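Start counting the sequence shown at 559; every next residue gets the next number (my numbering).
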Amino acid sequence: MPVRPARVPERDQHEHETQRAADPIGARNCGRPPTLARGKPLVMRPFLCQRTRATLIVVLALALFPACATRRWRTATLEGERIVNLSTIESQIEAYHDSGRWAIEQAAVAEMARVALDERVPGVAKPAIVFDIDDTVLSNYPIRKDATFGFVQARWTKWAETDPAPAIEGTLALYRHALARGVAVFFITGRPEPLRVATERQLRTGGLERWTGLYLKPADYNEPSIVPYKSGVRRKITEDGYHIVVNIGDQWSDLEGGFADATFKLPNPMYLIP
559 MPVRPARVPE RDQHEHETQR AADPIGARNC GRPPTLARGK PLVMRPFLCQ
609 RTRATLIVVL ALALFPACAT RRWRTATLEG ERIVNLSTIE SQIEAYHDSG
659 RWAIEQAAVA EMARVALDER VPGVAKPAIV FDIDDTVLSN YPIRKDATFG
709 FVQARWTKWA ETDPAPAIEG TLALYRHALA RGVAVFFITG RPEPLRVATE
759 RQLRTGGLER WTGLYLKPAD YNEPSIVPYK SGVRRKITED GYHIVVNIGD
809 QWSDLEGGFA DATFKLPNPM YLIP
């Protein structure tokens, strides 16, 4: 004979459902013991309370966030954010100098100029070499660093008149080699003519004691670029019968304008002269 499933008496079933409805949300599993109905086990939900609390915390945090958080806006597209900070550049220049890389690269350029000079001298009657002065044969690094790589005319002039300027070893070696080969040495500088005595003193103190010509910028020169002045001097040198086989400087304006077989640009990240 088949066994019929047992039924929960309607009264008991009704009591069970009524008690569940009376329990507040979350109370059945959050510290309050569940109500057991006679004849039927209650199904437990162990993570209901934890999820409810976590949800409330997230909602509260989102509500408070605009009031207490500091927003960081993306500004990388602004032009000013793409310009390297001046303090960063100053630190890079100091590292370039102090590491010795600057001197190494100056010597490398001077060596290339020496090779070019040796190749051209044999076929020339009156060979000549032209040097710029500042940061070509004499370093301005000490005074520039003291001025945080700026330029104050009065301060720089006092330095030129009273202090020695360290010679740049690579171009000093080129200078001595040119003299040994019988090449005429000319200096063409952007320093003003009133600094002639101070400039001669700094050259001799730095070990550059002989030259065929030393040209300083006329006191009344007012052109926006130094190119017309320097190229004009080189023209005069060639008109005097010399053949400029090498011209070397730290600015492009030292080299532009012609009147030289080969030109060589030394590195100088400190300043630019048009």
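No residue lacks a Cβ here, since even glycine has one placed at the ideal position from N, Cα and C. These numbers come from a predicted model, not from an experiment.
Applying the criterion that 16 or more other CB atoms from any shown protein chain within 10 Å of the CB defines a buried residue, is tryptophan 660 buried or exposed?
Within the sequence shown, numbered from 1, the residue matching residue 660 stands at position 102. Looking at its Cβ environment, which holds 16 or more other Cβ atoms inside 10 Å, tryptophan 660 is buried.
I'd like to confirm the pairing. Which residues does DSSP put opposite alanine 686 in its beta bridges?
The residue you call residue 686 lines up with position 128 of the sequence shown. Alanine 686 pairs with Ala742 and Ile802.
Mapping the DSSP letters down to three states, classify glycine 638 as helix, strand or coil.
Residue mapping note: residue 638 aligns to position 80 of the sequence shown, counting from 1. DSSP places glycine 638 in helix when its eight states are reduced to three.
What's the call for proline 832, buried or exposed, on a 16-neighbour Cβ count within 10 Å?
Mapped onto the sequence shown, residue 832 falls at position 274. It is exposed - the Cβ of proline 832 has fewer than 16 other Cβ atoms within 10 Å.
Excluding the five sequence neighbours on either side, which residues of its own chain have a C-beta within less than 7 Å of the C-beta of threonine 516, listed in chain order?
Only positions 559 to 832 of the chain appear in this structure, which leaves residue 516 out of reach.
Flag this pair as yes or no: are the beta carbons of glycine 807 and threonine 646 separated by less than 7 Å?
Looking up residue 807 in the sequence shown gives position 249. Looking up residue 646 in the sequence shown gives position 88. Cβ distance not < 7 Å, so glycine 807 and threonine 646 don't count as in contact.
Does DSSP put glycine 748 in a helix, a strand or coil?
Residue numbering aside, residue 748 sits at position 190 when the sequence shown is read from its first letter. Looking at glycine 748 - three-state DSSP - the assignment turns out to be strand.
Between Leu675, Thr770, Pro827 and Tyr773, which has its C-alpha nearest alanine 731's C-alpha?
Taking the first residue of the sequence shown as position 1, residue 731 is located at position 173. Ranking Leu675, Thr770, Pro827 and Tyr773 by Cα distance to alanine 731 puts Leu675 first.
Could you please give the first and the last residue of the uninterrupted alpha helix (DSSP H) stretch that includes threonine 796?
The residue given as residue 796 occupies position 238 in the sequence shown. Threonine 796 -> alpha helix (DSSP H) spans 785-797.
With distances taken from CA atoms, which of Met828, Val679, Ala686 and Arg762 is nearest aspartate 721?
Position 163 of the sequence shown, counted from the first residue, corresponds to residue 721. Minimum Cα distance to aspartate 721 is reached at Arg762.
In angstroms, rounded to a whole number, what distance separates the CA positions of valine 785 and alanine 725?
Here the question's residue 785 lines up with position 227 in the sequence shown. Here the question's residue 725 lines up with position 167 in the sequence shown. Those two C-alpha atoms are separated by around 24 Å.
Could you give the residue range of the alpha helix (DSSP H) that holds tyrosine 654?
Mapped onto the sequence shown, residue 654 falls at position 96. Run containing tyrosine 654: 644-656, per the alpha helix (DSSP H) assignment.
In three-state terms, what does DSSP make of alanine 666?
For the purposes of this step, residue 666 is identified with residue 108 of the sequence shown, where counting begins at 1. Correct three-state label for alanine 666: helix.
Please report the distance separating the alpha-carbon of glutamate 767 from that of alanine 666.
Counting from one through the sequence shown, the residue named residue 767 turns up at place 209. Counting from one through the sequence shown, the residue named residue 666 turns up at place 108. Rounded to the nearest angstrom, the two C-alpha atoms are 23 Å apart.
On a Cα-Cα basis, can you pick out the residue from Tyr800, Glu719, Asn780 and Asp690 that is closest to leucine 753?
Here residue 753 is taken as the residue at index 195 of the sequence shown, counted from 1. Answer by Cα proximity: Glu719.
Which residue's Cα is closest to the Cα of threonine 715: Phe689, Gln760 and Ile687?
Here residue 715 corresponds to residue number 157 of the sequence shown, with the count starting at 1. Ranking the options by Cα distance to threonine 715, first place goes to Gln760.
Figure out for me which residue from Glu639, Leu772, Arg749 and Pro825 has the closest Cα to the Cα of alanine 686.
By one-based count along the sequence shown, residue 686 stands at place 128. With distances taken between Cα atoms, alanine 686 lies closest to Leu772.
Among Arg678, Tyr699, Phe822 and Val804, which residue has its Cα nearest to the Cα of tyrosine 654?
Numbered from 1 along the sequence shown, position 96 holds the residue referred to as residue 654. Nearest C-alpha to tyrosine 654: Tyr699.
Who are the Cβ neighbours of proline 782 in its own chain at under 8 Å, not counting the five residues just before and after it?
As a position in the sequence shown, residue 782 is number 224, starting the count at 1. Around proline 782: Pro832.
Rounded to the nearest angstrom, what separates tyrosine 829 and phenylalanine 707 at their Cα positions?
On the sequence shown, position 271 is the one that residue 829 refers to. On the sequence shown, position 149 is the one that residue 707 refers to. Cα to Cα, tyrosine 829 sits roughly 8 Å from phenylalanine 707.
To the nearest angstrom, report how far apart valine 804 and lysine 775 are at their CA atoms.
Your numbering for residue 804 matches position 246 in the sequence shown. Your numbering for residue 775 matches position 217 in the sequence shown. The alpha-carbon atoms of valine 804 and lysine 775 are separated by roughly 21 Å.
In the DSSP output, what is phenylalanine 709 paired with across the bridge?
One-based indexing of the sequence shown puts residue 709 at position 151. DSSP lists no partner for phenylalanine 709.
So, threonine 729 versus alanine 683, is the Cβ gap smaller than 7 Å?
The sequence position of residue 729 within the sequence shown is 171, counting from 1. The sequence position of residue 683 within the sequence shown is 125, counting from 1. Contact: no.
Could you please give the first and the last residue of the uninterrupted alpha helix (DSSP H) stretch that includes threonine 694?
Taking the sequence shown and counting its residues from 1, one reaches residue 694 at position 136. It is not in any alpha helix (DSSP H) - threonine 694 carries neither H nor E in the DSSP assignment.
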